[in-house]
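Engineer: All you need for this note's numbering is the position in the sequence shown, starting with 1, plus 62.
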Amino acid sequence: MKSQWQNNSSDQYKELMAEALRAAENSYSPYSGYRVGAAILAADGRIFSGCNVENADIGGTICAERTAAVKAVSAGCLEFIACAVACPTDVSCCPCGICRQFLNEFNSDLTIITREGPTGLRTIVLSALLPQNMLV
């Protein structure tokens, strides 16, 4: 099967990734040490960022993507265009299943942006990562 990931280094996506990397600096991850940041581009041009927040009860852990999405919704924004996800290392990270379903609630055609090495970016449409979503 052909990969649906695409290389993409547009200036707008670079800016969004930079916001995600800045958000990762605030990660509270004392248990895993796995720092993640996310930044969501809203339809009105605003950017909402967030980091992962771990908890001793793993069920209480909140991923960076959901932190950013909740901040957007709390600000009255329900239309998302893109979401960048980043770890401060060169490791590429991607939204987990819960985050995929959570983001799908707002836009199944959301562009997901991840890092490809130290400077490259790659994109994929959320529906390609979550082909069988829970929306009826």
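Just so you know, even glycine gets a beta-carbon here, dropped at the ideal spot from N, CA and C.
Under a three-way DSSP split, which group does S89 fall into?
Structural biologist: Your numbering for residue 89 matches position 27 in the sequence shown. Three-state result, S89: coil.
Engineer: Please report the straight-line C-alpha distance between I174 and C149, rounded to a whole angstrom.
Structural biologist: Position 112 of the sequence shown holds residue 174. Position 87 of the sequence shown holds residue 149. When rounded, the distance between both Cα atoms is 14 Å.
Engineer: Which term fits R128, buried or exposed, when burial requires 16 or more other beta carbons within 10 angstroms of its beta carbon?
Structural biologist: The residue you call residue 128 lines up with position 66 of the sequence shown. The residue in question, R128, is buried, as its Cβ has 16 or more Cβ neighbours within 10 Å.
Engineer: Does L140 pass the burial test, meaning 16 or more other C-beta atoms within 10 Å, or should it be called exposed?
Structural biologist: Locating residue 140 in the sequence shown gives position 78, counting from the first residue. Flag for L140 reads exposed.
Engineer: Hey, could you find the ends of the beta strand (DSSP E) C161 is sitting in?
Structural biologist: Here residue 161 corresponds to residue number 99 of the sequence shown, with the count starting at 1. Note, C161: premise wrong, no beta strand (DSSP E); alpha helix (DSSP H) at G159 to N166.
Engineer: Leaving aside the five residues before and after A53 along the sequence, list all residues of the same chain whose C-beta is less than 8 Å from its C-beta, in chain order.
Structural biologist: Lying before the first or after the last residue shown, residue 53 is absent from the chain, which here runs from 63 to 198.
Engineer: Kindly give me the distance between the Cβ atoms of A146 and E87, rounded to whole angstroms, as I take these residues to be in contact under 8 Å.
Structural biologist: Locating residue 146 in the sequence shown gives position 84, where the first residue counts as 1. Locating residue 87 in the sequence shown gives position 25, where the first residue counts as 1. 15 Å between Cβ atoms; not a contact.
Engineer: By Cβ distance, which residues of its chain are closer than 7 Å to C158, with the 5 residues on each side in sequence left out?
Structural biologist: Position 96 of the sequence shown, counting from 1, holds the residue named residue 158. So the qualifying residues of the chain are C125.
Engineer: For T185 and Y75, what's the separation of their Cα atoms in angstroms?
Structural biologist: Walking along the sequence shown from the start, residue 185 turns up at place 123. Walking along the sequence shown from the start, residue 75 turns up at place 13. Taking the straight line joining both Cα atoms gives about 9 Å.
Engineer: Is the distance from the Cβ of S154 to the Cβ of T181 below 8 Å?
Structural biologist: Along the sequence shown, read from residue 1 onward, the residue named residue 154 stands at position 92. Along the sequence shown, read from residue 1 onward, the residue named residue 181 stands at position 119. Taking 8 Å as the Cβ cut-off, S154 and T181 do not qualify as a contacting pair.
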